[in-house]
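Just so we're aligned, residue 8 is where the sequence shown starts under the numbering used here, counting upward by one.
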Amino acid sequence: MNHADNKPEIGLDPENWDDFKTLGHQLIDDMVEYLKNIGDGPAWQPIPQEVKEEFQKAVPHQPANIFEIYDEFKKNIMPYHGGNIHPAYYAWVQGTGTPMGAFADLLAGIMNANVTIGDQSAMYVDKQVINWCKQLMNYPAEGSGMLVSGGSIANITALIVARNTVIANCKTKGVYVAEGKLTAYCSSETHNCVNKAAEVIGIGSEQLRKIPVNENFEIDVDALEASLRDDKTNGLVPFCIIGNAGTVNTGAIDPLDKLLAIARNENIWLHIDGAFGALAKLVPAYSEKLKAIEQADSVAFDLHKWMYMQYEVGCVLFKDAATHRAAFANAVNYLTAHDRGIAGGPETLSNYGMELSRGFKALKVWMSLKEHGVDKYAAMIAQNIDQAFYLGEQVKQHPELELLAAVNMNVACYRYNPGNLDNDQLNILNKELLMRMQERGIAVPSNTLQHGKYAIRAAITNHRTRRMHLDQMVAATIEIGRELIKEHEAKLFKFDFLTSK
Ligand SMILES: *Cc1c(COP(=O)(O)O)cnc(C)c1O
Numbered sequence: 008m009n010h011a012d013n014k015p016e017i018g019l020d021p022e023n024w025d026d027f028k029t030l031g032h033q034l035i036d037d038m039v040e041y042l043k044n045i046g047d048g049p050a051w052q053p054i055p056q057e058v059k060e061e062f063q064k065a066v067p068h069q070p071a072n073i074f075e076i077y078d079e080f081k082k083n084i085m086p087y088h089g090g091n092i093h094p095a096y097y098a099w100v101q102g103t104g105t106p107m108g109a110f111a112d113l114l115a116g117i118m119n120a121n122v123t124i125g126d127q128s129a130m131y132v133d134k135q136v137i138n139w140c141k142q143l144m145n146y147p148a149e150g151s152g153m154l155v156s157g158g159s160i161a162n163i164t165a166l167i168v169a170r171n172t173v174i175a176n177c178k179t180k181g182v183y184v185a186e187g188k189l190t191a192y193c194s195s196e197t198h199n200c201v202n203k204a205a206e207v208i209g210i211g212s213e214q215l216r217k218i219p220v221n222e223n224f225e226i227d228v229d230a231l232e233a234s235l236r237d238d239k240t241n242g243l244v245p246f247c248i249i250g251n252a253g254t255v256n257t258g259a260i261d262p263l264d265k266l267l268a269i270a271r272n273e274n275i276w277l278h279i280d281g282a283f284g285a286l287a288k289l290v291p292a293y294s295e296k297l298k299a300i301e302q303a304d305s306v307a308f309d310l311h312k313w314m315y316m317q318y319e320v321g322c323v324l325f326k327d328a329a330t331h332r333a334a335f336a337n338a339v340n341y342l343t344a345h346d347r348g349i350a351g352g353p354e355t356l357s358n359y360g361m362e363l364s365r366g367f368k369a370l371k372v373w374m375s376l377k378e379h380g381v382d383k384y385a386a387m388i389a390q391n392i393d394q395a396f397y398l399g400e401q402v403k404q405h406p407e408l409e410l411l412a413a414v415n416m417n418v419a420c421y422r423y424n425p426g427n428l429d430n431d432q433l434n435i436l437n438k439e440l441l442m443r444m445q446e447r448g449i450a451v452p453s454n455t456l457q458h459g460k461y462a463i464r465a466a467i468t469n470h471r472t473r474r475m476h477l478d479q480m481v482a483a484t485i486e487i488g489r490e491l492i493k494e495h496e497a498k499l500f501k502f503d504f505l506t507s508k
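Next comes the structure, spelled out in structure tokens:
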């Protein structure tokens, strides 16, 4: 093969830049209108079968027209969003994103910065954003941190550093150097990603002790102390406690100050999973309860949840920059810094986490914090908390509804309960009710089980939600609940449990 023949050379830029510009203007116009009116459409809609089939087609080998690709996006992709950009969405814990955040992602895409190495602006923006994150948490300025894809990776990153710091030589020799099985502790309400973290750092999920919770779903401190005592007696090696600042089910906050005292006493690591709840620290009424975050060895939180920023962006902070670095740094000859030139920039960020290539997620954080300022976020988070309490009140006021856990932050769990059904029946009824509410596009809460009770669960991390949307969800719960009871009485809708009684 001749590599120097006179074949015309090719590239991937638009063949016609004017067309590209026309498309750009068109899509900005369309998307701005779409977002402006997002509340007028359904909160969610099922994806029709024929649309799902579009996604089965094989990889294209020939080029397509950019306007046609965009039309396909508008027809088959955009309408079937997950709902979290809609004001009536409260499922799982998902952020809304902002219009400016979307522009930031577009601009980041244009720069296409690989934010891992080099004397380029994005490296400095990333660093500044980490400093801002420390300031949000009132974390020591000399601490370090990393922007990652989300809470899951933030928690894993923290546990890697915890393991390598508490257990000398673990980085090179593995977990085998410990004098017994490494053991970590958290409440039974802890997010599943911490379980996965225990699996990937090599201690195994059986060595993650799930300590029972009290009636408020907070870790039982006495049980934690007993477990630590037992494990040490049996030759195990405790190395880390993971506290929750806002559990995924109910938003419960563990007694973090007590966990801190225990960790200090035991000389082990305290990590806090504050995926969404840590941000409540910005709200004066919660800052005291979350104060121990400032002392924790590490804290994980998401900016794409309760800071309403575009997916993906999460953050992990470390009290001690040196042990953070020691856990990941490796001398690699192609990454060495120079005095000048592109390699004259800051130290490679690959010394602070698992990733080498990284996108410019810092830009949306930087632009969003500038656009709104921290005080606006604090007020926004406080508003979501007020809304969850408001929802709890509406539920309590209606005799056919039952609040399943006291609201303590931004999560409310309730069910339709007309009073004459047993728990199994209520579980079936509420599951059907929830699916109908979602399919009708009225509102999108999610579900959980609380002490065996199927709960309709609203976690409000949505800056578009207004009380009116919560009123609509409450009204729809009652309406669909009554409808299901009628259908059951008319034997139209078969609840297995209901009909068997
Ligand atoms: C969402 C969540 C996580 C996981 O975060 P991702 O950003 O989804 O990876 C961890 N812990 C809690 C409490 C969460 O709510």
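Here a beta-carbon is modelled for each residue, glycine too, at the ideal position from N, C-alpha and C.
Of the candidates 290, 341, 363, the residue whose Cα lies closest to the Cα of residue 381 is 290. A Cβ-Cβ distance of about 5 Å is found for the pair residue 277 and residue 303, placing them in contact under the 8 Å criterion. Across the set 357, 236, 292, the C-alpha of 236 shows the shortest separation from the C-alpha of residue 269. For residue 278, the distance from the CB to the nearest heavy atom of ligand 1 is not below 8 Å.
Exposure of residue 442 is indicated by the presence of fewer than 16 other C-beta atoms within 10 angstroms of its C-beta.
The region 148-156 makes contact with the region 320-334, as at least three CB pairs between them are under 8 Å. Counting the other CB atoms within 10 Å of its CB gives residue 196 a total of 16 or more, which places it among the buried residues. In the DSSP annotation of this structure, the continuous segment of the alpha helix (DSSP H) that includes residue 396 starts and ends at 369-404. The region 480-493 makes contact with the region 434-454, as at least three CB pairs between them are under 8 Å.
The closest CA to that of residue 35, considering only 14, 52, 114, 64, is found on 114. Minimum Cα-Cα distance from residue 121 among the listed residues 447, 357, 472 corresponds to 357. Rounded to the nearest whole angstrom, the CA to CA distance from residue 222 to residue 465 is 19 Å. With a cut-off of 8 Å on Cβ pairs, the region 211-221 is not in contact with the region 131-149, counting fewer than three such pairs.
For the pair residue 95 and residue 480, the CB atoms are nearer than the 9 Å cut-off. Cα atoms of residue 140 and residue 98: separation of roughly 26 Å, rounded to the nearest angstrom.
In the DSSP annotation of this structure, residue 146 is not part of any beta strand (DSSP E), being labelled neither H nor E. For residue 181, the closest C-alpha among the options 281, 262, 170 is that of 170. Here residue 207 has 163 as same chain residues with Cβ atoms under 8 Å from its own Cβ, once five neighbours each way along the sequence are excluded. With the rule of 3 Cβ pairs closer than 8 Å, the region 81-88 counts as touching the region 43-61. Taking every protein chain shown into account, the CB of residue 271 has fewer than 16 other CB atoms within 10 angstroms, so this residue is exposed. Taking the Cα positions, residue 234 is about 50 Å away from residue 494. Each residue's CA atom was taken as its position, placing residue 463 and residue 345 some 57 Å apart.
Using a cutoff of 8 Å, the CB of residue 208 does not count as near ligand 1, since none of the ligand's heavy atoms is closer than that. The nearest non-hydrogen atom of ligand 1 is less than 8 Å from the C-beta of residue 309. The continuous stretches of alpha helix (DSSP H) do not include residue 429, and DSSP gives it neither H nor E. Going by beta carbons, residue 396 and residue 414 fall inside the 9 Å limit. DSSP places residue 192 in the uninterrupted beta strand (DSSP E) bounded by 189-194.
With respect to residue 483, residue 435 sits apart: the two C-beta atoms are not nearer than 9 Å. In the assembly as shown, residue 248 is a buried residue. Its beta-carbon has 16 or more other beta-carbons within 10 Å. Under the DSSP assignment, residue 245 falls in the beta strand (DSSP E) whose first and last residues are 244-251. The alpha-carbon separation between residue 202 and residue 430 amounts to approximately 30 Å. With contact defined as three or more Cβ pairs closer than 8 Å, the region 68-86 and the region 346-356 are not in contact. Annotated three-state conformation of residue 278 is strand, per DSSP.
Closer than 8 Å to some heavy atom of ligand 1: that does not describe the Cβ of residue 467.
In the assembly as shown, residue 74 is an exposed residue. Its beta-carbon has fewer than 16 other beta-carbons within 10 Å.
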